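Q: Supplied in structure tokens, the structure appears directly below.
2 protein chains.
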Amino acid sequence: MPAKRPPVPLSRERIIEAALHIADGQGLRRLTMRRLGDALQVEAMAIYHHLPRGKEALMDALAEHVTTVAVEPSGAASWQEVARAWARAARTALLDHPGVLALALTKPPRGTALTAIREQTQQLAEAGLDDAPRAVRTLRAFVMGSVAVEIQRSGWAAGPADDDEDALPHPGPGSGTAALAGREGAEPAEEAVDAFERGLEAVLRGLAPA
Amino acid sequence: MPAKRPPVPLSRERIIEAALHIADGQGLRRLTMRRLGDALQVEAMAIYHHLPRGKEALMDALAEHVTTVAVEPSGAASWQEVARAWARAARTALLDHPGVLALALTKPPRGTALTAIREQTQQLAEAGLDDAPRAVRTLRAFVMGSVAVEIQRSGWAAGPADDDEDALPHPGPGSGTAALAGREGAEPAEEAVDAFERGLEAVLRGLAPA
DNA sequence: ACCTGAACACCGTTCAAGT
DNA sequence: ACCTGAACACCGTTCAAGT
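Note that the protein sequences, when read in sequence, are chains H and E.
With the first letter of the first sequence counted as 1, position 2 gets the number -17 in the working numbering; the numbers rise by one all the way through.
With the first letter of the second sequence counted as 1, position 198 gets the number 179 in the working numbering; the numbers rise by one all the way through.
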């Protein structure tokens, strides 16, 4: 059998991963430094060595994580195609982690998330779009709003929201657009994709220069 | 001088009002049962008598409050006018309370908020719109996303988000669309209204049957 | 009916100490 | 350099008790 020490060194990445697991599985309110320590087989205080500002830094890191997306440049694309690619990537990233959506929609972009936004802006400008910064703001608003109603309708935060709940088990860690509940089996989640794609085309038309 | 007792009976409404004041002024994380009690000149435990499920009920009530809007029927309006009125009212209500935006974007609508959504749906249907439920979802997504980027850009949650911060004073209780900061005095908040109105028109065009 | 006081289990964070 | 243990101030919530 393997040696018991060292159990794995503990790193910013492992901390964030474990934190997302807890938040998605039990709600943001149950994400506790002590619980996070337990999940990482470590005392809670060890986390402060990797995230000096403590829980505040952790929350920032979580928001940054689910809000950082990358799309390869692909030089010959229209600005519409570029915009579609970014919007879809952003939606998927947010949908994957419903537990930290409240942070993602609320905290201003920082670090890698800000870099990603700049990259998106540049790609749109290079694809010939006039006011790329405005387009990015509009696209971000569209994606955030769409995901907000999707998560709300999924019943994910029925009890807890960015809070917590009492005992009911959460749907569990999100895996993409999977595992929606639906009031009476009514909404197959394909409807959500359709609504998103249709809305996206409307936004793109609204963004067109003419 | 007036008698010292009773200081004012304490009610659900007064509790919610005080809670909004704290959340908007210092961030959601600083909204504490004990602090809320202090603000109401009462022991924290007294709150449980008016909100039996405690903090969970308080959070639900706050989300419900900032998410409940009313628009008078005005029978002879086009569905576009009806949609505009609802969208503007919803935006203003959310913008007034940045401290609880995370709850509003995250918790599924309940109680009066749900009633308001049904009322909106009915008004749109009566104004001749075909798939009113879908339109309401699209409009809600648009409003939520727009407000999310507006609040993010205002720098309201620079430190705290739905969390808290350390010592920096918040911009203070929001008063409508007032008191945005702007990176270098760049964005006069009029730009935000313009973007909202333009986006709204694009959404309305996208919603049109043809 | 409405509020209080004391108590309990649990937080985030510090700091000195271990290795 | 990395982690631990004990400690401190502060949480949410309970319950019996006051009025």
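Glycine is no exception: its CB is placed at the ideal position from the N, C-alpha and C atoms.
All values reported here derive from a predicted model rather than from experimental measurement.
If you reduce the DSSP assignment to three classes, tell me which class residue 114 of chain H lands in.
A: Working through the first sequence from its first residue, we reach residue 114 of chain H at position 133. Note: residue 114 of chain H maps to helix in three-state DSSP.
Q: Residue -5 of chain H by DSSP, collapsed to three states: which one?
A: Your numbering for residue -5 of chain H matches position 14 in the first sequence. Helix at residue -5 of chain H.
Q: Using a Cβ cut-off of 7 Å, pull out every chain E residue sitting near residue 121 of chain H, in sequence order please.
A: Start at 1 with the first residue of the first sequence, and residue 121 of chain H comes out as number 140. Within 7 Å Cβ-Cβ: 130.
Q: Taking the straight line between their C-alpha atoms, what separation do you get for residue 10 of chain E and residue 82 of chain E?
A: Locating residue 10 of chain E in the second sequence gives position 29, where the first residue counts as 1. Locating residue 82 of chain E in the second sequence gives position 101, where the first residue counts as 1. Spanning the two alpha carbons is a distance of roughly 13 Å.
Q: Only counting the same chain, and skipping five residues up and downstream in sequence, which positions put a Cβ closer than 7 Å to that of residue 93 of chain E?
A: As a position in the second sequence, residue 93 of chain E is number 112, starting the count at 1. These residues qualify, in order along the chain: 45 and 49.
Q: Just tell me which of H:131, H:85 and H:61 has its CA closest to the CA of residue 107 of chain H.
A: Counting from one through the first sequence, the residue named residue 107 of chain H turns up at place 126. The shortest C-alpha separation from residue 107 of chain H is found at H:61.
Q: Is there a C-beta anywhere in chain E that falls below 9 Å from the one on residue 11 of chain H?
A: Taking the first sequence and counting its residues from 1, the one referred to as residue 11 of chain H is at position 30. With 9 Å as the cut-off, residue 11 of chain H does not count as an interface residue toward chain E.
Q: Given a threshold of 16 other Cβ atoms within 10 Å of its Cβ, counted over all protein chains shown, does residue -14 of chain E qualify as buried or as exposed?
A: Against the second sequence, residue -14 of chain E aligns to sequence position 5. Its pLDDT being 46, under 50, residue -14 of chain E is placed unreliably in this model, and the value from its coordinates should be taken loosely. Flag for residue -14 of chain E reads exposed.
Q: The alpha helix (DSSP H) that contains residue 186 of chain H, what's its start and end?
A: Indexing the first sequence from 1 puts residue 186 of chain H at position 205. Start and end: 171 to 188.
Q: Give a single yes or no on whether residue 45 of chain E has its beta carbon closer than 8 Å to a heavy atom of the ligand GTP.
A: This structure lacks the ligand GTP, and indeed carries no ligand of any kind.
Q: For residue 181 of chain E versus residue 65 of chain E, is the C-beta spacing smaller than 9 Å?
A: Locating residue 181 of chain E in the second sequence gives position 200, where the first residue counts as 1. Locating residue 65 of chain E in the second sequence gives position 84, where the first residue counts as 1. Yes. Within cutoff.
Q: Is the separation between the beta-carbon of residue 52 of chain H and that of residue 77 of chain H shorter than 9 Å?
A: Within the first sequence, numbered from 1, the residue matching residue 52 of chain H stands at position 71. Within the first sequence, numbered from 1, the residue matching residue 77 of chain H stands at position 96. Against a cut-off of 9 Å, the Cβ pair of residue 77 of chain H and residue 52 of chain H comes out as no contact.
Q: Is there at least one Cβ from chain E nearer than 9 Å to residue 99 of chain H's Cβ?
A: On the first sequence, residue 99 of chain H is found 118 positions in, with the first residue counted as 1. Not an interface residue.
Q: Please classify residue 55 of chain E as buried or exposed, where buried requires at least 16 other C-beta atoms within 10 Å of its C-beta.
A: Taking the second sequence and counting its residues from 1, one reaches residue 55 of chain E at position 74. It counts as exposed.
Q: Give the range of the alpha helix (DSSP H) segment to which residue 46 of chain H is assigned.
A: Counting from 1 along the first sequence, the entry for residue 46 of chain H is found at position 65. That run of the alpha helix (DSSP H) goes 36 to 48.
Q: With a cut-off of 8 Å on the beta carbons, I'd call residue 43 of chain H and residue 23 of chain H a contact; round off their distance for me.
A: Working through the first sequence from its first residue, we reach residue 43 of chain H at position 62. Working through the first sequence from its first residue, we reach residue 23 of chain H at position 42. With a Cβ gap of about 18 Å, residue 43 of chain H and residue 23 of chain H do not count as contacting.
Q: Against chain E, does residue 133 of chain H count as a neighbour if the rule is that its beta carbon must be under 9 Å from one of theirs?
A: Taking the first residue of the first sequence as position 1, residue 133 of chain H is located at position 152. It does: the Cβ of residue 133 of chain H has a partner Cβ on chain E nearer than 9 Å.
Q: Could you check whether the Cβ of residue 52 of chain E sits closer than 9 Å to any Cβ belonging to chain H?
A: Within the second sequence, residue 52 of chain E is the residue found at index 71, counting from 1. Chain H contact via Cβ: absent.
Q: Taking one C-beta from the segment 124 to 131 of chain H and one from the segment 120 to 131 of chain E each time, how about it: are there three or more such pairs within less than 8 Å?
A: Because the criterion of three Cβ pairs below 8 Å is met, the segment 124 to 131 of chain H and the segment 120 to 131 of chain E touch.
Q: Counting only beta-carbon separations shorter than 9 Å, does residue 6 of chain H have a partner in chain E?
A: Here residue 6 of chain H refers to the residue found at position 25 when the first sequence is read from its first residue. Chain E, which has no Cβ nearer than 9 Å to the Cβ of residue 6 of chain H, makes this no.
Q: Consult DSSP for residue 54 of chain H and reduce its assignment to one of helix, strand or coil.
A: Translated into the one-based positions of the first sequence, residue 54 of chain H becomes position 73. Coil.
Q: Use the C-beta contact count for residue 57 of chain E: other C-beta atoms within 10 angstroms, 16 or more gives buried, fewer gives exposed.
A: Indexing the second sequence from 1 puts residue 57 of chain E at position 76. Answer is exposed; the Cβ neighbour count stays below 16.
Q: Counting only Cβ pairs nearer than 8 Å, list the residues of chain E close to residue 89 of chain H.
A: Along the first sequence, read from residue 1 onward, the residue named residue 89 of chain H stands at position 108. The contacting residues are 133, 134, 136, 138 and 139.
Q: How should residue 80 of chain H be labelled, buried or exposed, when 16 other C-beta atoms within 10 angstroms of its C-beta is the threshold for buried?
A: Taking the first residue of the first sequence as 1, we reach residue 80 of chain H at position 99. Buried, since its Cβ has 16 or more Cβ neighbours within 10 Å.
Q: Along chain E, in chain order, which residues have C-beta atoms closer than 9 Å to that of residue 176 of chain H?
A: By one-based count along the first sequence, residue 176 of chain H stands at place 195. Here the neighbours are 115, 118, 119 and 122.
Q: Identify the continuous alpha helix (DSSP H) that holds residue 28 of chain E and give its terminal residues.
A: Counted from its first residue, the second sequence places residue 28 of chain E at position 47. Element bounds for residue 28 of chain E: n/a, residue is neither H nor E.
Q: With distance defined between alpha-carbon atoms, name the residue in H:88, H:112, H:184 and H:103 nearest to residue 120 of chain H.
A: Counted from its first residue, the first sequence places residue 120 of chain H at position 139. It is H:184 whose Cα lies nearest to the Cα of residue 120 of chain H.
Q: As an exercise, report each continuous beta strand (DSSP E) stretch of at least 3 residues that is fully enclosed by the segment 81 to 106 of chain E, in chain order.
A: Complete beta strand (DSSP E) runs here, min 3: none at all.
Q: Please report the straight-line C-alpha distance between residue 89 of chain H and residue 139 of chain E, rounded to a whole angstrom.
A: Position 108 of the first sequence holds residue 89 of chain H. Position 158 of the second sequence holds residue 139 of chain E. In a straight line, the C-alpha of residue 89 of chain H is about 7 Å away from that of residue 139 of chain E.
Q: Using a Cβ-Cβ distance under 9 Å, would residue 127 of chain E count as near chain H?
A: Residue mapping note: residue 127 of chain E aligns to position 146 of the second sequence, counting from 1. At least one chain H Cβ lies under 9 Å of residue 127 of chain E.
Q: If I follow the unbroken alpha helix (DSSP H) through residue 73 of chain E, where does it start and stop?
A: Counting from 1 along the second sequence, the entry for residue 73 of chain E is found at position 92. 60 to 76 is the span of the alpha helix (DSSP H), which, as asked, contains residue 73 of chain E.
Q: Which residues in chain E sit within 7 Å of residue 184 of chain H, going by Cβ to Cβ distance?
A: As a first step, residue 184 of chain H is located in the first sequence; it is residue number 203 there, counting from the start. Near residue 184 of chain H (Cβ distances below 7 Å), the residues of chain E are 183.
Q: Measure from the C-beta of residue 82 of chain E to each C-beta in chain H and report whether the shortest distance is under 9 Å.
A: Translated into the one-based positions of the second sequence, residue 82 of chain E becomes position 101. Judged by the 9 Å Cβ criterion, residue 82 of chain E is in contact with chain H.
Q: Verify whether the separation of the beta carbon atoms of residue 98 of chain H and residue 117 of chain H is less than 9 Å.
A: Counting from one through the first sequence, the residue named residue 98 of chain H turns up at place 117. Counting from one through the first sequence, the residue named residue 117 of chain H turns up at place 136. Yes, Cβ-Cβ distance for residue 98 of chain H and residue 117 of chain H is below 9 Å.
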